[in-house]
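*Asks:*
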Amino acid sequence: MTYTVDAVQKAMELLFLVAEEGGNGVTELARRSGNTKARAFRLLTTLEECGLVRRQMPMATYSLGYRALIIGTAAQSQLNLIQIANEILETVGKECNESVLVRIRDGLETVCIAWWDAPHAVRVHNQLGTRRPLGVGASGKLLLAYSPQEVLDQVLGSDFKKFTDNTIVKRTDMKKELKKISEEGLSISESERTAEMVAVAAPVRDASGAVIASLSMSAPSSRVSRTNLKKHAEIITRSAQRFSEALGYVGQ
Numbered sequence: 186m187t188y189t190v191d192a193v194q195k196a197m198e199l200l201f202l203v204a205e206e207g208g209n210g211v212t213e214l215a216r217r218s219g220n221t222k223a224r225a226f227r228l229l230t231t232l233e234e235c236g237l238v239r240r241q242m243p244m245a246t247y248s249l250g251y252r253a254l255i256i257g258t259a260a261q262s263q264l265n266l267i268q269i270a271n272e273i274l275e276t277v278g279k280e281c282n283e284s285v286l287v288r289i290r291d292g293l294e295t296v297c298i299a300w301w302d303a304p305h306a307v308r309v310h311n312q313l314g315t316r317r318p319l320g321v322g323a324s325g326k327l328l329l330a331y332s333p334q335e336v337l338d339q340v341l342g343s344d345f346k347k348f349t350d351n352t353i354v355k356r357t358d359m360k361k362e363l364k365k366i367s368e369e370g371l372s373i374s375e376s377e378r379t380a381e382m383v384a385v386a387a388p389v390r391d392a393s394g395a396v397i398a399s400l401s402m403s404a405p406s407s408r409v410s411r412t413n414l415k416k417h418a419e420i421i422t423r424s425a426q427r428f429s430e431a432l433g434y435v436g437q
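Sequential numbering from 186 applies to the sequence shown in this note's numbering.
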């Protein structure tokens, strides 16, 4: 059984051909892709309507469209994100002396894309690709606070799963928490997802200023006093700012 769609594959082949060498017309692109001219034209027209290619007159040649640029820029940003995350996490982790990680939003979940584990016998064990519900825990709340309105509406319009006695399950409480996070640029979770665990998260921004990830620290609450929590928050906030600057962000 195959789950691929032939028309999508053919369209992508045409898109790659345009990316490799712009300025070709439908006849040449059809020949090089192995499509009939009629099918190539239909596929190119679809790509054009999606903003991925554009037809330049009067020669009716094709080049990449504005949305291809957006995708390319986003891919570059995400690749840089992982590389810089791996470079910065050990430094941050050693300064906190606790486990630290970077998460991004994927739909209504957060995904761990990089982490560094502290050398304690009792610690938070993280794993690449681990998913968590958006809106739960320090990173989940932070990434939800900076999500597009449609994502906020979808999450706030659904039921909240209760993980511990401290999990936020009321919409009014969640709205207040998200407002506080967006104003302060800091998210704190005290036994909200896992009992007796504390976490602090700060936003990582790209060159445009958009929040694209969270940098967070997590540890057993027995090891983090109120004074230490404030210290960790300062380290994570400062490190997230440095992380953002490495991605091209120049704001405060």
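We put the CB at the ideal spot given by N, CA and C, even for glycine.
Is the beta carbon of N209 closer than 8 Å to that of T246?
*Replies:* As a working note, residue 246 is residue 61 in the sequence shown. As a working note, residue 209 is residue 24 in the sequence shown. Cβ atoms of T246 and N209: closer than 8 Å.
*Asks:* Nearest CA to the CA of E377: which residue from S218, L319, V193?
*Replies:* Position 192 of the sequence shown, counted from the first residue, corresponds to residue 377. E377 has its Cα closest to that of L319, out of S218, L319, V193.
*Asks:* First and last residue of the alpha helix (DSSP H) that includes E368?
*Replies:* In the sequence shown, residue 368 corresponds to position 183, counting from 1. From DSSP, the alpha helix (DSSP H) with E368 extends over 356 to 369.
*Asks:* Look up M242 in the DSSP assignment and say whether it is helix, strand or coil.
*Replies:* In the sequence shown, counting from the first residue as 1, residue 242 sits at position 57. When DSSP states are grouped into helix, strand and coil, M242 belongs to the coil group.
*Asks:* Take every Cβ of the stretch 417 to 432, pair it with every Cβ of the stretch 391 to 402, and state whether three or more of those distances are shorter than 8 Å.
*Replies:* yes
*Asks:* With which residues is E294 paired in a DSSP beta bridge?
*Replies:* If you number the sequence shown from 1, residue 294 lands on position 109. The partner list for E294 (beta bridge, DSSP) reads D291, P318.
*Asks:* Find the nearest neighbour of I373 within the set S367, L363, K365, V385, judged by alpha-carbon distance.
*Replies:* Counting from 1 along the sequence shown, the entry for residue 373 is found at position 188. Ranking S367, L363, K365, V385 by Cα distance to I373 puts V385 first.
*Asks:* Using the beta-carbon count (16 or more within 10 Å), is R290 buried or exposed?
*Replies:* By one-based count along the sequence shown, residue 290 stands at place 105. Buried: at least 16 other Cβ atoms inside 10 Å.
*Asks:* Alpha carbon to alpha carbon, what distance is there between A223 and E272?
*Replies:* Within the sequence shown, residue 272 is the residue found at index 87, counting from 1. Within the sequence shown, residue 223 is the residue found at index 38, counting from 1. Taking the straight line joining both Cα atoms gives about 50 Å.
*Asks:* Using only the alpha-carbon positions, how far apart do I298 and V340 sit?
*Replies:* Here residue 298 is taken as the residue at index 113 of the sequence shown, counted from 1. Here residue 340 is taken as the residue at index 155 of the sequence shown, counted from 1. Cα-Cα distance, rounded: 22 Å.
*Asks:* Go ahead and label R390 buried or exposed: buried means 16 or more other beta carbons lie within 10 angstroms of its beta carbon, across all protein chains shown.
*Replies:* The residue given as residue 390 occupies position 205 in the sequence shown. The residue in question, R390, is buried, as its Cβ has 16 or more Cβ neighbours within 10 Å.
*Asks:* Within its chain, find whatever has a CB closer than 6 Å to the CB of V409; leave out the 5 residues flanking it on each side and keep chain order.
*Replies:* Counting from one through the sequence shown, the residue named residue 409 turns up at place 224. Excluding residues within five positions, the ones whose Cβ falls inside 6 Å are V383.
*Asks:* Along the alpha helix (DSSP H) that carries E375, what are the first and last residues, could you check?
*Replies:* Along the sequence shown, read from residue 1 onward, the residue named residue 375 stands at position 190. It is not in any alpha helix (DSSP H) - E375 instead sits in the beta strand (DSSP E) that spans 372 to 375.
*Asks:* Which residue from A380, V287, L232 puts its Cα closest to that of G325?
*Replies:* The count along the sequence shown starts at 1 and reaches residue 325 at position 140. If we check each option's Cα against that of G325, V287 comes out closest.
*Asks:* For a minimum of 3 consecutive residues, which ranges assigned as the beta strand (DSSP E) are wholly contained in the stretch 372 to 411?
*Replies:* 372 to 375, 382 to 390, 396 to 405
*Asks:* What would DSSP say about G436, mapped onto helix, strand or coil?
*Replies:* Numbered from its first residue, the sequence shown carries residue 436 at position 251. DSSP places G436 in coil when its eight states are reduced to three.
*Asks:* Just checking, does the stretch 249 to 256 make contact with the stretch 199 to 209 on the three C-beta pairs under 8 Å criterion?
*Replies:* yes
*Asks:* Our contact map puts A395 next to G433 with C-beta atoms below 8 Å; I'd like the distance itself, whole angstroms only.
*Replies:* Counted from its first residue, the sequence shown places residue 395 at position 210. Counted from its first residue, the sequence shown places residue 433 at position 248. No, A395 and G433 are not in contact; Cβ-Cβ is about 11 Å, not under 8 Å.
*Asks:* Go ahead and pull the three-state DSSP assignment for S343.
*Replies:* Here residue 343 refers to the residue found at position 158 when the sequence shown is read from its first residue. It is coil, neither helix nor strand.
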